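Mapped onto the working numbering, the consecutive letters of the sequence shown carry residue numbers 9 to 277.
Below is one structure, written out as structure tokens; the observations come after it.
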Amino acid sequence: MRKNIEPSALARDARFNRQTTEERFADLRDTMEIGKVDPKAEDVADRARRRMHGIFVGEIQALEGAGRTAFDFGTDEVPYELKLDMARQCWDEARHCEISIKLAEHMGGELGEYVEATTLFEAACHKDPVFRLAGVNRALEGLAIDVFTQMREFGEEMGDPILEYCEDYMLADEVTHVRMGSRWLRAVTEDDPERRAAALEFQKVVDGLFNFRGQRGEEQDAPIRLARKFRKMAGFSDGEVDHILETSLKQRAELASDRMAASILAEED
Ligand SMILES: [Fe+2]
Ligand SMILES: [Fe+2]
């Protein structure tokens with residue numbers, strides 16, 4: 009088996025429809041209004057299925073990424089216990105894939121119904137394992153904590169105990185995965201503050217992208233609500249959560265002004 013494969017080498021069968029990271033972030037349809045899984049929206053079932061499909065493709069990539077990290081690095085590069093944690097994560101993510109497939113059926117959806125962006129796997133192919141921990145375990149699995157917390161409440165609100173329990177189960181594992189990221193990022197860079205700072209900077213870039221131009225917030229009806237309590241259980245500081253929030257609010261204001269400028273230009277035409 010080859011080590012350190014290119015992100016483009018990710019294998020998929022014909023059921024999957026890949027979208028590039030550039031396409032994913034150029035597509036604003038998912039931003040703000042229709043991105044929100046709003047119980048009152050007419051197309052709420054579709055919104056919920058789309059969000060859970062996005063989570064499902066993240067689960068497979070997290071499985072593949074954790075497997076890569078366990079395999080790509082020797083014990084001269086990472087502690088053996090880090091590799092064991094990545095192996096344990098594979099086990100969890102494999103279960104999450106199974107849960108997600110069954111949950112999609114339960115929600116009336118199917119595999120490949122929505123596109124798959126492979127940004128998570130791209131971050132999981134970084135040549136430095138510390139960047140993988142920052143970009144995948146902390147930034148993207150941190151996003152999973154936000155989404156699972158919110159979808160668990162959504163399941164409760166919709167009177168769907170299957171959705172609620174699935175989300176609760178996966179949320180517990182994701183808190184563990186983010187905590188692993190926090191722990192190993194700190195441990196591996198203990199004597200290398202520059203490497204730690206660079207990895208945390210990379211995490212901020214990934215977090216900024218996955219704010220989806222301002223979808224994350226802390227207000228009750230935010231399209232994606234930051235799960236501060238669970239993030240803190242997973243090793244985030246309040247300052248780190250505040251930074252994601254402030255960045256998101258800034259992006260939201262920029263998006264609103266971009267849209268206003270676009271509508272003025274359209275009126276002038
Ligand atoms: Fe997962
Ligand atoms: Fe995970």
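We put the beta carbon where it would ideally sit given N, CA and C, even for glycine.
Since this is a predicted model, take the numbers as computed values, not measurements.
**Message:** Excluding the 5 residues flanking residue 236 on each side, which residues of the same chain have their C-beta closer than 6 angstroms to its C-beta?
**Reply:** On the sequence shown, residue 236 is found 228 positions in, with the first residue counted as 1. Closer than 6 angstroms at the Cβ level, and outside the excluded window around residue 236, lie 249.
**Asked** When we look at the beta-carbon of residue 118 and count the other beta-carbons within 10 Å, is it buried (16 or more) or exposed?
**Response** Your numbering for residue 118 matches position 110 in the sequence shown. Residue 118 should be labelled exposed.
**Request:** Determine, using beta-carbon pairs with one atom in the region 69-79 and one in the region 96-107, whether at least three such pairs fall under 8 angstroms.
**Result:** yes
**Prompt:** Using a Cβ-Cβ cut-off of 6 angstroms (strictly less than) and excluding sequence neighbours within five positions of residue 56, which residues of its own chain qualify?
**Reply:** Within the sequence shown, residue 56 is the residue found at index 48, counting from 1. Cβ within range, chain order: 45.
**Request:** Just mark residue 183 as buried or exposed, buried being the case when its beta carbon has 16 or more other beta carbons within 10 Å.
**Result:** Residue 183 sits at position 175 when you count from the first residue of the sequence shown. Result: buried.
**Request:** Using a threshold of 8 angstroms, state whether the C-beta atoms of residue 101 and residue 71 are closer than that.
**Result:** On the sequence shown, position 93 is the one that residue 101 refers to. On the sequence shown, position 63 is the one that residue 71 refers to. Taking 8 angstroms as the Cβ cut-off, residue 101 and residue 71 qualify as a contacting pair.
**Request:** Quick one: which unbroken alpha helix (DSSP H) runs of 4-plus residues sit fully inside the region 194-248? Chain order, please.
**Result:** 201-217 and 236-241
**Asked** Of the residues 198, 30, 11 and 43, which one's Cα is nearest the Cα of residue 230?
**Response** As a position in the sequence shown, residue 230 is number 222, starting the count at 1. Minimum Cα distance to residue 230 is reached at 43.
**Request:** Have a look at residue 178 and residue 104 and give me their C-alpha separation to the nearest angstrom.
**Result:** The residue labelled residue 178 in the question sits at position 170 within the sequence shown. The residue labelled residue 104 in the question sits at position 96 within the sequence shown. Going by the C-alpha atoms only, they are around 7 angstroms apart.
**Prompt:** Per DSSP, which one or two residues make a beta bridge with residue 26?
**Reply:** Sequence index remark: in the sequence shown, residue 26 carries index 18 (1-based). Paired residues: 124.
**Message:** I'd like to confirm something about residue 182: is its beta-carbon nearer than 7 angstroms to some heavy atom of ligand 2, or not?
**Reply:** Here the question's residue 182 lines up with position 174 in the sequence shown. Flag set: Cβ of residue 182 near ligand 2.
**Prompt:** Between residue 169 and residue 152, what straight-line distance do the alpha-carbon atoms span, to the nearest angstrom?
**Reply:** What you label residue 169 is simply residue 161 of the sequence shown in a count that begins at 1. What you label residue 152 is simply residue 144 of the sequence shown in a count that begins at 1. About 19 angstroms.
**Coarse secondary structure for residue 77, derived from DSSP in three states** = Walking along the sequence shown from the start, residue 77 turns up at place 69. Reduced to three states, the DSSP call for residue 77 is helix.
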